[in-house]
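First comes the structure, then the notes that go with it.
Numbering (the working numbering), first residue to last: 0 to 73.
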């Protein structure tokens, strides 16, 4: 996920941008996995502070039995 923050750089300190996340991404084993949540970017005098809360669902393979399973994290 990429966000263009060029406009936020031109705004005063304390300005924010909020983004909802509901996106697919290529997971660690090459499959399509999902991320959901939100991202908040806050302009500071030195750059940005980024806060995010995401839940991910990643499909993985057990290295012992080679069965596939879904791992969820918050």
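Cβ coordinates follow ideal geometry from the N, Cα and C atoms, glycine included. Owing to the predicted nature of the structure, the values given are computational and were not obtained by experimental measurement.
Neighbourhood of residue 69 by C-beta, 8 Å cutoff - its chain only, sequence neighbours within 5 removed: Against the chain shown, residue 69 aligns to sequence position 70. Cβ within range, chain order: 56, 57, 58, 59.
Sufficient close CB pairs (3 or more, under 8 Å) joining the region 11-18 to the region 39-46: Taking a cut-off of 8 Å on C-beta distances, the region 11-18 touches the region 39-46, as three or more cross pairs fall below it.
Alpha carbon of residue 19 to alpha carbon of residue 53, nearest angstrom: Residue mapping note: residue 19 aligns to position 20 of the chain shown, counting from 1. Residue mapping note: residue 53 aligns to position 54 of the chain shown, counting from 1. Looking at the backbone, the Cα of residue 19 and that of residue 53 are separated by about 10 Å.
CB of residue 21 within 7 Å of CB of residue 35, strictly: Counted from its first residue, the chain shown places residue 21 at position 22. Counted from its first residue, the chain shown places residue 35 at position 36. Yes, they are a contact pair.
Boundaries (first-last residue) of the beta strand (DSSP E) holding residue 59: Residue numbering aside, residue 59 sits at position 60 when the chain shown is read from its first letter. DSSP places residue 59 inside the beta strand (DSSP E), whose first and last residues are 47-60.
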